[in-house]
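Asker:
Residue numbers (the working numbering), protein chains in the order written: chain Z, 1 to 94; chain F, 1001 to 1266.
#1: So, helix, strand or coil for residue 27 (chain Z), using DSSP?
#2: Could you list which residues in chain F have their beta carbon closer than 9 Å to that of residue 38 (chain Z), in chain order?
#3: Three or more C-beta pairs under 8 Å: does that hold for the stretch 1118-1125 of chain F against the stretch 1200-1214 of chain F?
#4: Taking only beta-carbon positions, decide if residue 1027 (chain F) is within less than 7 Å of chain Z.
#5: Can you list, in chain order, the residues of its chain with a C-beta nearer than 7 Å to that of residue 1194 (chain F)? Leave out the 5 residues immediately preceding and following it.
#6: Helix, strand or coil, according to DSSP, for residue 1253 (chain F) in the structure here?
#7: Scan the stretch 57-85 of chain Z for residues whose Cβ lies nearer than 9 Å to a Cβ of chain F and list them as they occur along the chain.
#8: What's the C-alpha gap between residue 1172 (chain F) and residue 1189 (chain F)?
#9: Can you find the residues in the same chain that come closer than 7 Å, C-beta to C-beta, to residue 1176 (chain F), ignoring five residues on each side of it along the sequence?
#10: Is the stretch 70-83 of chain Z touching the stretch 26-43 of chain Z in the sense that three or more CB pairs, one from each, lie closer than 8 Å?
#11: Under a three-way DSSP split, which group does residue 1081 (chain F) fall into?
#12: Cutting at 6 Å between CB atoms, please list the residues of its own chain near residue 1026 (chain F), excluding the five before and the five after it.
#13: Can you pull the chain F neighbours of residue 26 (chain Z), defined as C-beta to C-beta under 8 Å?
#14: Report yes or no: is there a C-beta of chain Z within less than 7 Å of the C-beta of residue 1149 (chain F)?
#15: If you reduce the DSSP assignment to three classes, tell me which class residue 1162 (chain F) lands in.
#16: Quick one: give me the first and last residue of the alpha helix (DSSP H) that residue 55 (chain Z) is part of.
#17: I need the boundaries of the beta strand (DSSP E) containing residue 1202 (chain F), first residue and last residue.
#18: Give me the subset of the stretch 1170-1189 of chain F whose CB atoms are less than 7 Å from a CB atom of chain Z, sorted by chain position.
#19: Assuming residue 1099 (chain F) and residue 1060 (chain F) make a contact with CB atoms under 8 Å, what is their CB distance in whole Å?
Structural data, given as structure tokens:
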């Protein structure tokens, strides 16, 4: 199986795709500055679901939920996934 | 053939006067019936302090009766046509999910036959309808804004165990432009956890009658119908079954809104 390095654009694309499919968000609203609660209208239950969707999309399991408390914008999610990639939790796109 | 501008203005003025007269009549019915029934409302709140468990179901049925009778008195201005009103009686352990266009929608639950209904509401009805708040509390109505999500879910499950049919407006707030808003997943999460059906309740015309911020009623018939029940088992294979269920119900609403019920089917 070919392994494709996951650069930041790929991360953003995958996060956006997951959010569009599961939360029916309009693609034009998905900018890195978009605030998850205020701009995208996601509530606390949606955020719980979002974690599950991201775990499935990026094949990881988030045991420590604490870092999620700092996430405010869509850009924060991209950065969070990038950190997981840099730590080796997410290795590559299969 | 075109009407002259003066004819159009006269017609608009006549329509406006009619709306003002109707609004006064509707407001009078609301106030008079609520005041007349107020001693009974307060008595029930007092009785609930003596026999809290026994009075809970009675309170819920009383509030339903208040809505039912209100609709009866408002019939000359706001006639309600309800298709399959008994569906929630066939599925008493269920969650009714109505679309939300106006404050009238709360009263419209009196048009369907299930009387043991427990509403999950925002905080404002407890503040604004302060005279009714003790009865709402003693009926076990749930203030969704006063609890964290986990506790709210547990309380909803407890009400279902007590035999109540839950009512949750999945849009969470009244529509600001008459269109169907984005759904919140709470109702569907509870349905999946309890493995009970969701009963979508479509309400038509209440936005036109009394949109948010309006000061006058525009009398018109109200149409309501239960759409097909939706069962959690049909979404068991999904990654997030409650979200799949929610999307399905929203699609059901949209399809029905764009394909109105034929007149003779009501």
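In this text, a Cβ means the ideal position worked out from N, Cα and C, and glycines have one as well.
Answerer: Taking the structure as given:
#1: helix
#2: Correct list: empty, because the minimum Cβ distance to chain F is about 14 Å.
#3: no
#4: no
#5: 1157 and 1160
#6: helix
#7: none
#8: 15 Å
#9: 1212
#10: yes
#11: strand
#12: 1077 and 1217
#13: Near residue 26 (chain Z) there are no residues of chain F at all, since even the closest Cβ is about 11 Å away, more than 8 Å.
#14: yes
#15: coil
#16: 44-58
#17: 1198-1204
#18: 1182, 1184, 1185, 1186 and 1189
#19: Between residue 1060 (chain F) and residue 1099 (chain F) the Cβ distance is about 22 Å, and since that is not below 8 Å, they are no contact.
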